[in-house]
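Just so we're aligned, residue 1 is where the sequence shown starts under the UniProt record's numbering, counting upward by one. All C-beta atoms in this analysis are idealised placements derived from N, C-alpha and C, irrespective of residue type, glycine included. Since the model is a prediction, treat every value here as computed from it, not as a measurement. One structure is given below, encoded as structure tokens.
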Amino acid sequence: MDVITLKIYRASIQSILFVLSFGVVFLLISVLSLMEEFDLLGIISIFFSLWLLKYALTLWKTRASDIGSYWDDEGIVVDFHGNKVYWYEIKDITYQNFQGSKSTLISTHYTHHENIRIRHKRWLPTIAHSIYWFSIEKPKNHHKNLMIAWEEKQTNKNKRLL
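If you want it as structure tokens, here you go:
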């Protein structure tokens, strides 16, 4: 069996800075609007901007601790929480471009949806996992190398079946 070299694709610094700057600007605008008139929409916008800042800091923390998307001989880590989908559970890996949002889509076989749901501690099963290109560094390189690894796994699987 071929050894797959491990490269972790961490959270993109550009997406972290974008979310952080948007959160700061939105917070400033919200505070200024609350100074003019105190209303419910201003309070909701404050909470939304604080949520954006928390999300940016969470992404920064995952980037600093080398958590990201990678694959090994067992499977693919599909999110920044370390949730893994095993190679035998994967039905197909494709490139998706939906309204300008590019992603690598990992479709799982329907017989494994419940096992993945339990392992990832979700309420509902996920039929496909998306790795959004704006959220990771070097997304084209990530997709190309993942497709190469997927092709190797498929050929090894077909050789074992023969």
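Rounded straight-line distance, which links the Cα of residue j to that of residue i
i	j	result
Phe-134	Leu-32	30 Å
Ile-8	Ser-130	16 Å
Thr-111	Leu-105	18 Å
Met-147	Ala-11	20 Å
Ala-149	Asp-79	18 Å
Ile-29	Leu-53	14 Å
Lys-144	Phe-48	36 Å
Asp-72	Ser-101	26 Å
Leu-20	Phe-98	25 Å
Phe-38	Lys-61	34 Å
His-120	Phe-22	30 Å
Met-1	Leu-124	Unreliable placement is indicated for Met-1, whose pLDDT of 44 sits below 50; the coordinate value is still reported in the next sentence. Distance between the alpha carbons of Met-1 and Leu-124: 35 Å.
Beta-carbon separation (whole angstroms), residue i vs residue j, contact threshold 8 Å
i	j	result
Leu-27	Ile-46	7 Å
Leu-59	Ser-15	7 Å
Val-77	Ser-69	6 Å
Identity of the residue in the options nearest residue i by Cα
i	options	result
Asn-115	Thr-104, Ile-90, Ser-103 and Tyr-95	Ile-90
Asp-92	Ile-127, Ile-67 and Arg-63	Ile-127
Val-24	Leu-6, Leu-57 and Leu-41	Leu-57
His-109	Val-85, Ile-67, Lys-121 and His-120	Val-85
Gly-82	Glu-37, Arg-63, Leu-124 and Leu-17	Arg-63
His-113	Tyr-88, Glu-151, Glu-74 and Pro-139	Tyr-88
C-beta contact flag for residue i and residue j at 8 Å
i	j	result
Tyr-132	Ser-103	yes
Which runs of the beta strand (DSSP E) spanning at least 3 residues fall entirely within the stretch 83-136, listed in chain order?
-> Whole beta strand (DSSP E) segments, 3+ residues: 84-86, 90-98, 101-108 and 128-132.
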